[in-house]
């Protein structure tokens, strides 16, 4: 039996479905229809001769073969990108000063930046994390070639919106709150868009609140929530073992969405390549 010649396009679609955690999100990122994505996955399964996905409630999950295949597919795509970059002329070189919001530093972004560094080995990537407001100010002062920040929808600052996500209330599992007392909340140090969204929503709903824990660390914030000290506002990717969505249970107000925004200098080398890789995401987790 002849070995099938795997299509790179089909492999990219497969990897996008896995890493975006769904056919709909993958279709949005690939700028394809959901039916096209489904057809391409079906063609890939026919080429490899086995099922890569299985029904899992209302979604589809990887089969054992699919889990194994994902690692190989990811490496094939990376090797192709590295090969094309290696023979490109001239080979890009220099330094990329990138500012990254604290809220993005614990998600899939480090893996994406590692891929970027491998694809462009002569480019030195220097990353500094911080609060979005401070990073934007630093970018405007010329301290960064590009910044990746979180901002309110519609406030693009002449940047590119890479992804959007709904803010959610996160608390410890089985959280007990005496509604006669102010709601205890944990937050990043100011200025923080999550803190602003939380307190604005609570004030509008006339729910008293009290700030009981502040930190500059995502890890510290989630640790405080898991310990039962408070609730916080994040995106769904911050959910970890010992935490839960608590909006319905505690009857808390709706929260707005936010955008992941890329600001980059017009003359920045590899700006388009960086943007393309970040758009492949996800940046806020699957």
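Residue numbers (my numbering): 838 to 1123. For each residue, glycine too, the CB sits at the ideal point set by N, CA and C.
DSSP places residue 909 in the helix class (H, G or I) of the three-state scheme.
Between the alpha carbons of residue 869 and residue 854 lies a gap of roughly 12 Å. The Cβ atoms of residue 934 and residue 981 lie closer than 7 Å to each other.
A check of alpha carbon separations from residue 1084 across 925, 1095, 1070 identifies 1070 as the nearest. For residue 884, the uninterrupted alpha helix (DSSP H) run begins and ends at 871-885, by DSSP.
Sixteen is the threshold: since fewer than 16 other Cβ atoms of the shown chains lie within 10 Å of the Cβ of residue 930, the residue is exposed.
The three-state reading of DSSP puts residue 1013 in coil, since its state is none of H, G, I, E or B.
For residue 1022, the enclosing beta strand (DSSP E) starts and ends at 1020-1025.
Put simply, the backbone Cα of residue 1079 is about 25 Å away from that of residue 859. For residue 850, the enclosing alpha helix (DSSP H) stretches over residues 845-857. In the DSSP annotation of this structure, the continuous segment of the beta strand (DSSP E) that includes residue 988 starts and ends at 983-988. Counting along the chain, residue 1096 sits inside the beta strand (DSSP E) bounded by residues 1094-1101.
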